[in-house]
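Okay, so the sequence shown: first residue is 6 according to this note's numbering, each after it adds one.
A short write-up of the structure that comes next.
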Amino acid sequence: MAKFKLDEIDHQILDMLIDNTRIPFTDIAKKLLISAGTVHVRVKKMEEAGIIQGSSLTLDYKKLGYSFIAYVGVFLQNTSQTKFVLERIADIPFVTVAHITTGKFNIFCKIRAKNTSHAKDIIFQLDDIEGVYRTETMISLEESLNDKKRLMHTIFNDL
Numbered sequence: 006m007a008k009f010k011l012d013e014i015d016h017q018i019l020d021m022l023i024d025n026t027r028i029p030f031t032d033i034a035k036k037l038l039i040s041a042g043t044v045h046v047r048v049k050k051m052e053e054a055g056i057i058q059g060s061s062l063t064l065d066y067k068k069l070g071y072s073f074i075a076y077v078g079v080f081l082q083n084t085s086q087t088k089f090v091l092e093r094i095a096d097i098p099f100v101t102v103a104h105i106t107t108g109k110f111n112i113f114c115k116i117r118a119k120n121t122s123h124a125k126d127i128i129f130q131l132d133d134i135e136g137v138y139r140t141e142t143m144i145s146l147e148e149s150l151n152d153k154k155r156l157m158h159t160i161f162n163d164l
């Protein structure tokens with residue numbers, strides 16, 4: 006597949022969508038002095054090219070009662086169990102991110118919980134997965150930086 010070329014209008018559309026995925030195409034069109042149809046066509050082309058993949062919703066987990074964050078390193082008995090263990094991890098909804106990693110851990114997870122007791126239950130669920138040798142947990146005191154927008158803006162400026 007050929008590399009999709011983004012022009013300045015595409016960059017501007019993406020910049021606005023990065024800041025607010027719910028912005029109406031008519032608002033984008035007014036700001037860029039183009040038609041809403043043009044915005045729609047360009048967004049559709051970027052979706053078809055795989056540049057835009059859906060949209061996201063940002064939640065305030067603290068307000069929803071899930072302010073506890075921990076990172077759990079998972080050690081496996083055997084690396085051949087990675088796929089099986091990841092499938093079991095995917096069944097635990099409070100594990101929001103899981104990475105296969107090199108180095109100390111085989112899998113590295115981020116969990117969200119209501120409190121320490123709830124986190125303990127989630128960690129015990131991870132420990133109980135067949136193939137998990139042990140886990141190591143790090144408690145997050147504060148999520149100080151979680152900003153994908155800066156990276157996206159930088160990437161588009163480099164194109």
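Every residue gets a Cβ at the ideal spot worked out from N, C-alpha and C, and that includes glycine.
Looking at the DSSP output, residue 67 sits in no beta bridge, so it has no partner there. The residue among 50, 51, 14, 161 with its C-alpha nearest the C-alpha of residue 33 is 14. Counting C-beta atoms within 10 angstroms of its own C-beta, residue 127 has 16 or more neighbours from the protein chains shown and is therefore classed as buried.
Residue 81 sits in a strand when the DSSP states are folded into three classes. In the displayed model, residue 139 falls within a strand according to three-state DSSP. The segment 108 to 118 and the segment 64 to 74 touch, with no fewer than 3 CB-CB distances between them shorter than 8 Å.
By the criterion of a C-beta distance shorter than 8 Å, residue 98 is surrounded by no residue of its chain, once the five residues flanking it on both sides are discounted.
Proximity of the segment 150 to 162 to the segment 17 to 25 meets the contact definition, three or more beta-carbon pairs being nearer than 8 Å.
Among the bridge pairs identified by DSSP, residue 112 is matched with 79, 105.
The alpha-carbon separation between residue 29 and residue 109 amounts to approximately 46 Å. A distance below 8 Å separates the beta carbons of residue 79 and residue 111. About 11 Å separates the beta carbons of residue 100 and residue 134, which is beyond the 8 Å limit, so they are not a contact pair. Exclusion of the five residues before and after residue 60 leaves 26 as the residues of its chain whose Cβ lies within less than 7 Å of its Cβ. Between residue 137 and residue 62, the C-beta gap is not smaller than 8 Å, which leaves the two residues out of contact.
One Cα belongs to residue 84, the other to residue 48, and the distance between them is close to 41 Å.
Per the C-alpha coordinates, the member of 36, 12, 37 positioned closest to residue 51 is 12.
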